[in-house]
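Heads up: the structure comes next, in structure tokens.
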Amino acid sequence: AQSVTQLDSQVPVFEEAPVELRCNYSSSVSVYLFWYVQYPNQGLQLLLKYLSGSTLVKGINGFEAEFNKSQTSFHLRKPSVHISDTAEYFCAVSEIASYDKVIFGPGTSLSVIP
Amino acid sequence: EAGVAQSPRYKIIEKRQSVAFWCNPISGHATLYWYQQILGQGPKLLIQFQNNGVVDDSQLPKDRFSAERLKGVDSTLKIQPAKLEDSAVYLCASSFPGGWYGYTFGSGTRLTVV
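Line by line, the protein sequences give chains A and B.
For what it's worth, our numbering labels the leading residue of the first sequence as 659, then goes sequentially.
For what it's worth, our numbering labels the leading residue of the second sequence as 798, then goes sequentially.
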């Protein structure tokens, strides 16, 4: 069965510094990978997704993620964070054969310090 | 386009009472999901509909939870009777068929059971 691990539950970072949020997944078949962001008291919003092709995926708000099949990872990065990036970030995986079923990780809380 | 609409935004009930949540997905999205998000955790899938049929309800506590999607559009999720551990945010999401699209989430209903 598929599963998602986010190694850091909380990540504090100073404004304008780079950040990496780590995600590892477990699956025996090919997968789609996603990153979602959740701002306080809101639903989740899709940041970016990996379906196939280039392993470097660019998303909204300056975020990007790199798929590494050998390490079963999909880490999220941003070269310079802003206060407005403070939010909860969820990595998610969907097995291609599972007909839309998406499993979410436990989330990483990103706090940007002014 | 209009987003996924959910109501109510907040609900406080006593244990053993019943409660219902409503969701209106994005027009044209055939697939609808209900997720439960307990504080500090990632969303957990409760039930998935494809049009008005159930695709996956393996994680739905069927002794107390029920959901329906009449006419393949709006959906309601009901809890009867509620327990303290049901306190969570209930998120509705919709998508086109096919896991590669990613989901659009509503803002959720925050349920507190006292």
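Ideal Cβ positions, reconstructed from N, Cα and C, are used throughout, including at glycine.
Between I741/A and F672/A, the C-beta gap is not smaller than 8 Å, which leaves the two residues out of contact. Contact of F692/A with chain B by beta-carbon distance below 8 Å involves G899.
Leaving aside the five residues that flank S863/B on each side, the residues in its chain whose CB is nearer than 7 Å to its CB run, in chain order, K875. Put simply, the CB of S824/B is far from chain A, with every gap to its CB atoms at 8 Å or more.
Taking a contact to require three or more Cβ pairs closer than 8 Å, the segment 879–898 of chain B and the segment 820–840 of chain B qualify as touching.
Sequence-ordered contacts of the segment 835–869 of chain B with chain A read G837, Q838, G839, P840, K841, L842, Q845, Q847, V852, D853 [C-beta pairs closer than 9 Å].
Within chain B, the residues whose beta carbon sits less than 7 Å from that of F762/A are G839, P840, listed in sequence order. With fewer than 16 other beta carbons inside 10 angstroms of its own, S667/A counts as exposed. Considering only beta carbons, the part of the segment 701–715 of chain A lying closer than 8 Å to chain B consists of G701, L702, Q703, L704, K707, L709, in chain order. With fewer than 16 other Cβ atoms from the protein chains shown falling within 10 Å of its own Cβ, R806/B counts as exposed. Neighbours of F902/B across chain A, judged by C-beta separation under 9 Å: Y694, Q696, Q700, G701, L702, Q703, L704.
The beta carbon of V715/A sits closer than 8 Å to those of L706, K707, Y708, E722, A723, E724, F725, all from its chain and outside the five residues before and after it, given in chain order. The criterion of a C-beta distance shorter than 8 Å is satisfied by Q660/A and I761/A. Neighbourhood of F748/A in chain B, by CB distance below 8 Å: G839, P840, in chain order.
In the structure shown, S767/A falls within a strand segment according to DSSP collapsed to helix, strand and coil. When the five nearest sequence neighbours on each side are left out, the beta carbons in the same chain lying within less than 6 Å of the beta carbon of L665/A are those of R680, in order along the chain. Nearest to V751/A by alpha-carbon distance, out of P737/A, F732/A, L691/A, P670/A, is L691/A. Bounds of any beta strand (DSSP E) do not take in Q664/A, whose DSSP letter is neither H nor E. Of the residues assessed, P698/A falls on the exposed side of the cut-off, its CB having fewer than 16 other CB atoms within 10 angstroms. Residues of chain A whose Cβ lies closer than 9 Å to the Cβ of L888/B are, in chain order, G701, L702. Beta-bridge partners assigned by DSSP to D853/B: Q845/B.
Counting other Cβ atoms within 10 Å of its Cβ, L836/B stays below 16 and is therefore classed as exposed.
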